[in-house]
Amino acid sequence: MSETWAHDRGPEQEPVVTGDAVVLDLPPAGFATRMVAIAIDVAVQAILLFCVIVLGAVLTATAVSGASITAILTALQVLVIIGYPTLCETLTRGRSLGKAALGLRVVGTDGSPERFRQALARALTGLVELWMTFGVVALITSLLNPNGRRIGDFLGGTIVVQERAPSRTTGTVPMPDRMVHWAATAELSQIDDKSLAMAQQYVQRYNELVDPARHTMGVQVAMAVARRVTPPPPPNTSPVEFLSAVLAERRRREQTRLTEMTARREDRG
């Protein structure tokens, strides 16, 4: 399939899709960390529910009818149990108070940011997993799954990742054979470190991603890098070929520069 991304550079935009690509290098959250985050969120919700009970007592002492009180309290309980996690995770792109405290984030299994429908699916399932069964179902499911996913994660197509984790050691990216000549003449000095880091993450995790996220993320990262590269890559170059060529050539030039500097120092010595 012909690739047109390289010749459709468009206006300058915010450097690359942090919500989509940065999470590619984040490991699944540990079981214990997830349980602590859930406990924090449940504690926050319990405090809010206590406030709802107090409000109910106040309303009962007033002239408000019993039916109205029941309707108000039911709505508030739904808002606390389902609305709290849904709104928090949607507005913060995957982080509730508990997850923020522990450095966790909910993302799609393809590495994309959590969406409203996914947050709602997790919250609705949490009503059974966390509240009606006192967390027993969530506990068992998370223990049985190697990535610690509970039923809500399976229904929402999500996974909880650890954001505060040491970065992986970057490996060597090989130069695609067909890109050698282009890379040798390309101007690469304007590429910023953030774009290079995201390119490295994408290329290293390429085989772990699934379509269409693999292609979509590749195009986004490649376009961000291509805006700072001249000339454009050859026609029909795929994003992963382009990014691999840029990374390999940058590494080659850096190694050459270091070798020359070392040689000059030895000559002076």
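Sequential numbering of the sequence shown, starting at 2, is according to our numbering. Beta carbons: idealized from backbone N, C-alpha and C, even for Gly. Only a predicted model underlies this, so the values are computations on that prediction, with no experimental measurement involved.
- One Cα belongs to residue 48, the other to residue 102, and the distance between them is close to 17 Å.
- The segment 59 to 70 and the segment 112 to 125 do not touch, with fewer than three beta-carbon pairs separated by less than 8 Å.
- Inter-segment contact for the segment 87 to 99 and the segment 120 to 138 is present: three or more beta-carbon pairs are separated by less than 8 Å.
- C-alpha of residue 137 to C-alpha of residue 75: approximately 24 Å in a straight line.
- A straight-line Cα-Cα distance of about 38 Å links residue 152 and residue 242.
- Secondary structure of residue 115 (DSSP, three-state): coil.
- If you look at residue 57, you'll find it in the alpha helix (DSSP H) that goes 32 to 61.
- Excluding its 5 nearest sequence neighbours in each direction, residue 127 has C-beta neighbours in its own chain below 6 Å: 153, listed in chain order.
- Per DSSP, the continuous beta strand (DSSP E) segment holding residue 105 begins and ends at 105 to 109.
- Non-local C-beta neighbours of residue 245 in its own chain, meaning closer than 6 Å and more than five positions away in sequence, comprise 174, 177 and 204, ordered along the chain.
- Here residue 164 carries a coil assignment [DSSP, helix/strand/coil].
- Apart from sequence neighbours up to five positions away, the residues of its chain that approach residue 231 with a beta-carbon distance below 8 Å are 187 and 188, ordered along the chain.
- In this structure, the CA atom of residue 129 is about 14 Å from the CA atom of residue 78.
- Restricted to the segment 170 to 219, the alpha helix (DSSP H) segments that are unbroken, complete and at least 4 residues in length are 181 to 186 and 194 to 205, listed in chain order.
- Where residue 69 is concerned, the enclosing alpha helix (DSSP H) starts and stops at 67 to 79.
- The DSSP-derived three-state label of residue 257 is helix.
- Rounded to the nearest whole angstrom, the C-alpha separation of residue 142 and residue 132 is 15 Å.
- Under the three-state reduction of DSSP, residue 240 is assigned to helix.
- Looking at 223, 100, 155 and 125, the one whose alpha-carbon comes closest to that of residue 163 is 100.
- Counting the other CB atoms within 10 Å of its CB gives residue 213 a total below 16, which places it among the exposed residues.
- Here residue 235 carries a coil assignment [DSSP, helix/strand/coil].
- As computed with DSSP, residue 29 is found in a beta bridge with 162.
- With contacts defined as CB atoms closer than 8 Å, residue 226 and residue 200 qualify as a contacting pair.
- Apart from the 5 residues on each side of it in sequence, residue 229 sits with its Cβ closer than 6 Å to the Cβ of 191 and 192 in its chain, given in chain order.
- One Cα belongs to residue 30, the other to residue 195, and the distance between them is close to 24 Å.
- If you draw a 10 Å sphere on the C-beta of residue 28, you find fewer than 16 other C-beta atoms in it, and that means exposed.
- Only residues of its own chain outside the window of five on either side were considered, and among them 70 have a CB closer than 7 Å to the CB of residue 61, listed in chain order.
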